[in-house]
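Peer 1: Heads up: the sequence shown begins at 0 in numbering that gives the first Met the number 0, then just goes up one per residue.
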Amino acid sequence: MLMFSLENLDPLLDAIYLLSRFGENANIECSPSMFSLIVPHHNLELNVAFQMMPQFFNYFFSNRSHSSKIHIQPLLSTLKRMKEYQITSLSFFVLKLLDRLVLKFSSPRNDLPLIRKFRMMCAVKEDMGNIDLETFVSIDSQQFRHVVIGCRDYFVRVTPTHSHVRFSNEINEFIFAREGGECIMEGVGKGKVDDEVFLVFEDSVVSLVPQRPEKRCNRCLEYNNTKRDHRENLKMKVDKITPLVDAISLLSQVFDEADVKFAPTVLSITASKPPSISFTITLHIREQCFTEYSIFHQYRSWRISLHYLHQAMYAGRNSSRMTIRLPPISSTDWSPMILTFFSSRYLQPLVSRVNLSPPEETDLELINFVKYFSISSEVLERIIVYLCLLNDASVFVTLTSSQVRFVATLEHEIILNKEDGECEIVGFKGEFQIDFKLRLFPMGFILNLTKDIPKIFFSITDSHAVMTVPAFRPFGQYMLYFPHIQQLGYV
0 MLMFSLENLD PLLDAIYLLS RFGENANIEC SPSMFSLIVP HHNLELNVAF
50 QMMPQFFNYF FSNRSHSSKI HIQPLLSTLK RMKEYQITSL SFFVLKLLDR
100 LVLKFSSPRN DLPLIRKFRM MCAVKEDMGN IDLETFVSID SQQFRHVVIG
150 CRDYFVRVTP THSHVRFSNE INEFIFAREG GECIMEGVGK GKVDDEVFLV
200 FEDSVVSLVP QRPEKRCNRC LEYNNTKRDH RENLKMKVDK ITPLVDAISL
250 LSQVFDEADV KFAPTVLSIT ASKPPSISFT ITLHIREQCF TEYSIFHQYR
300 SWRISLHYLH QAMYAGRNSS RMTIRLPPIS STDWSPMILT FFSSRYLQPL
350 VSRVNLSPPE ETDLELINFV KYFSISSEVL ERIIVYLCLL NDASVFVTLT
400 SSQVRFVATL EHEIILNKED GECEIVGFKG EFQIDFKLRL FPMGFILNLT
450 KDIPKIFFSI TDSHAVMTVP AFRPFGQYML YFPHIQQLGY V
C-alpha cells in the first residue's frame, strides 16, 4: 500500500505536466524510501523520472516496493481542474490490489472532500541501473539550456575527461573546463578517459531543466549509452488526426502542391501559384500539437502533392494514431515520405507513401505581431457577402488610428470603429493611414477557413498584408500573404 499527502500540489502538477510531454503513460514506482514517476521513451532510448523523497510530503507511507502504470493525461487534467478551483490539498492512495489510484482533494472552504479514481495497469519495473552519485559532472542549468538550444540536431555526444566536459554534434560544440569553474567533476577521469555518452535532445528537455534548485526532489534523465541510427531524421506521431486531415483537405481544394518544412519546433505547409489566387498561404503547426515530434536536423523541406497527401491521409482518417517518417538526410534519390496509420480496426498498420521533390520555397517576410488590427469572423463574412461579391472578390482597406474602412464601390462600404469595440487596433502610434487591397478569392475557401474563429488578425509588412487565422487551438495558425496595393498597380 502507498499513501501520501501534500498541502501544495503545484510541484507535483508541474512535474506531471513535464512528463506528459514525453509520453502517454507513466510508471508509478514506490519503495519505503522513494516515490518515482517514470516515463519510458524507448524510441529515444530515454527514461525520464521524477523522484521524491519522503521528506517532500506532509505524510508518506509505503510498506513495500511496487510498480504500476497509469495514463498521464486524465491525471494531469484532474490536477489542473482542482487548481482552478483553488483546491490545493491532496491525499494520494494506491490501494492494496494496485488496480486503482484514489485521489482525495480537500478544500480550504471545509467542503466535503472530492474523490477521484483512476484505473491502473500492471507494469514491468524499469531497469534504471544504479546511479553512482560519487561519479558525476555538474554544469550550471542555464549553461545546459544553452547546450540544448544550440545543439538543435537532437543527437549530442558528451565526452568527459579529467579536465573538461564536451557537448558536441555536427552543428555546435560546447566545452566546460574544470579549472575555470565552468563545471564540477567528481570521480571522472581517474585512469583512462571515460566512455562517450550519446544524448538525444527534444525541445521538452529545455523546460525540464529547473530554473532554480529544487528541494527534496530530483528530476532525472537517463540516456542509454548507444549510438543511434542516423537513417531516420524525423519522427512525428499524432493521436488525433482528424484536424490535420481537415486542414490538408481544405488546402487541396485550392492548391495542387505545397512546400512542407520540418523545423525543430514547427511544421509548416506553404502553398501558392494558382494564377487566379493572389495570396500565398502558410499553415504553421507547433510541436505541442503532436504526441511526439522530434527532428534530428536543423530543418528539412520538400515539395509535395497535396492531392496525394490528402488521399493518403483520408484513407487513414479513422485511425487512432499516425506516424510520419522522412527519408534519410543522405538520400539523393528523393525517397518517399512514409505515413503509417494504426487502428484496432486494422490487423496490420496501414502504410502510405507520398513522393517528394525539391522545394520551391517562397521568401516570406517575418511578421511584426506587435502591430495589427483584428476583426471577428462574423464581420469578415459580412465583408465577403456584401462587398466582395460586388467587386470581383476584392475589397479596398483603409486603416487609421480610430477605424478600419472596407470599400467595394463608392456606394458600398463597411466601417468599423475602434471606440465602439467593432475592431481592435494595436501597436500603432500617432495618426496614420495605411491603404491596401485584399482579393478574398476563392470566397468559399476563405469562409471555410475562418468559420467559428473568434478573431482574425491583420498585419502589414513592406510588401504584403498578412491575414492570420488561428488553428489547432492554440498551437497553429494559417497565414495568408496578400501583395500590397502598390505592387498591383493601384494608387
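All residues carry an ideal CB built from backbone N, CA and C; glycine is no exception.
Mind pulling the alpha helix (DSSP H) runs of 4 or more residues that sit fully within the region 63–116?
Peer 2: 71–83
Peer 1: Measuring alpha carbon to alpha carbon, tell me which residue in Ser-167, Leu-89, Ser-30 and Gly-22 is nearest Ile-69.
Peer 2: Gly-22
Peer 1: Measure the Cβ-Cβ separation of Arg-118 and Leu-102 and say whether it is below 8 Å.
Peer 2: no
Peer 1: Hey, which unbroken runs of the alpha helix (DSSP H) at 4 residues or more fall wholly within the region 343–407?
Peer 2: 376–385
Peer 1: Tell me whether Val-490 is buried or exposed, calling it buried when 16 or more other Cβ atoms sit within 10 Å of its Cβ.
Peer 2: In this prediction, Val-490 scores a pLDDT of 32, lower than 50, which makes its location untrustworthy; the coordinate-derived value is nonetheless stated afterwards. Label assigned to Val-490: exposed.
Peer 1: By DSSP, does Tyr-307 sit in helix, in strand, or in coil?
Peer 2: helix
Peer 1: Determine the DSSP secondary structure at Ser-318, reduced to helix, strand or coil.
Peer 2: coil
Peer 1: Compare the C-alpha of Glu-423 against each of Thr-160, Arg-320, Ser-375 and Thr-87 and name the closest.
Peer 2: Ser-375
Peer 1: Leaving aside the five residues before and after Leu-8 along the sequence, list all residues of the same chain whose C-beta is less than 8 Å from its C-beta, in chain order.
Peer 2: Cβ neighbours of Leu-8 beyond the five flanking positions: Leu-78, Met-81, Lys-82, Thr-87, Ser-88 and Leu-89.
Peer 1: DSSP three-state call for Gln-476: helix, strand or coil?
Peer 2: strand
Peer 1: From what residue to what residue does the alpha helix (DSSP H) around Pro-242 run?
Peer 2: 241–251
Peer 1: Between which two residues does the beta strand (DSSP E) containing Arg-20 stretch?
Peer 2: Run containing Arg-20: none; DSSP gives neither H nor E here.
Peer 1: Rounded to whole angstroms, what's the CA-CA distance from Val-353 to Pro-441? Just pull it up for me.
Peer 2: 27 Å
Peer 1: Mapping the DSSP letters down to three states, classify Val-123 as helix, strand or coil.
Peer 2: Residue state, collapsed to three classes: coil.
Peer 1: Which stretch, first to last residue, makes up the beta strand (DSSP E) that contains Gln-54?
Peer 2: Per DSSP, Gln-54 belongs to no beta strand (DSSP E) and is neither H nor E.
Peer 1: Would a C-beta distance cut-off of 8 Å place Asn-447 and Leu-249 closer than the cut-off?
Peer 2: yes
Peer 1: Who are Lys-428's beta bridge partners in DSSP?
Peer 2: Paired residues: none, contrary to the question.
Peer 1: Ends of the alpha helix (DSSP H) at Met-466?
Peer 2: Boundaries for Met-466: no alpha helix (DSSP H) harbours it, while the beta strand (DSSP E) harbouring it runs 463–470, taken from the DSSP string.
Peer 1: What does a CB cutoff of less than 7 Å around Leu-389 pick up in its chain, not counting 5 residues either side in sequence?
Peer 2: Counting only Cβ-Cβ distances below 7 Å, and skipping sequence neighbours, we find Ala-407, Thr-408 and His-411.
Peer 1: Kindly indicate which three-state DSSP category Arg-165 falls into: helix, strand or coil?
Peer 2: strand
Peer 1: Distance check for Cys-288 and Arg-144, CA to CA, integer angstroms please.
Peer 2: 23 Å
Peer 1: Rounded to whole angstroms, what is the Cα-Cα separation between Phe-395 and Thr-281?
Peer 2: 23 Å
Peer 1: How far does the alpha helix (DSSP H) with Arg-177 in it extend, from its first residue to its last?
Peer 2: Run containing Arg-177: none; DSSP gives neither H nor E here.
Peer 1: Can Asp-419 be considered in contact with the ligand COA, in the sense that its beta carbon sits closer than 7 Å to one or more heavy atoms?
Peer 2: The ligand content of the structure shown is nil, which means the ligand COA is not present either.
Peer 1: Evaluate contact between the region 451–471 and the region 255–268, counting only Cβ atoms and requiring at least three cross-stretch pairs below 8 Å.
Peer 2: no
Peer 1: Could you check what DSSP says for Val-204 in three-state terms: helix, strand or coil?
Peer 2: A caution first: Val-204 carries a pLDDT of 41, below 50, which makes its placement in the model unreliable, though a value can still be read off. DSSP places Val-204 in helix when its eight states are reduced to three.
Peer 1: State the Cα-Cα distance for the pair Ile-148 and Thr-241, rounded to the nearest angstrom.
Peer 2: 32 Å
Peer 1: Rounded C-beta distance between Glu-364 and Thr-460? I'm assuming under 8 Å.
Peer 2: 4 Å
Peer 1: Could you check whether Phe-278 and Leu-75 sit closer than 8 Å to each other, using their CB atoms as the reference points?
Peer 2: no
Peer 1: Which class does Tyr-298 belong to by DSSP, given the choice of helix, strand or coil?
Peer 2: coil
Peer 1: Mind checking whether Ile-303 and Val-253 have CB atoms under 8 Å apart?
Peer 2: The beta carbons of Ile-303 and Val-253 sit no closer together than 8 Å.
Peer 1: Can you name the start and end residues of the beta strand (DSSP E) that Ile-280 belongs to?
Peer 2: 279–285
Peer 1: Give every residue of the same chain whose Cβ lies closer than 7 Å to the Cβ of Leu-308, excluding the five residues on either side of it in the sequence, and list them in chain order.
Peer 2: Ile-247 and Val-353
Peer 1: With 16 as the cutoff for other CB atoms within 10 Å, does Val-425 come out buried or exposed?
Peer 2: exposed
Peer 1: Quick one, which of Ser-318, Gln-142 and Leu-415 has its alpha-carbon nearest Ile-183's?
Peer 2: Gln-142
Peer 1: What is the rounded straight-line gap between the Cα of Leu-379 and the Cα of Glu-418?
Peer 2: 19 Å
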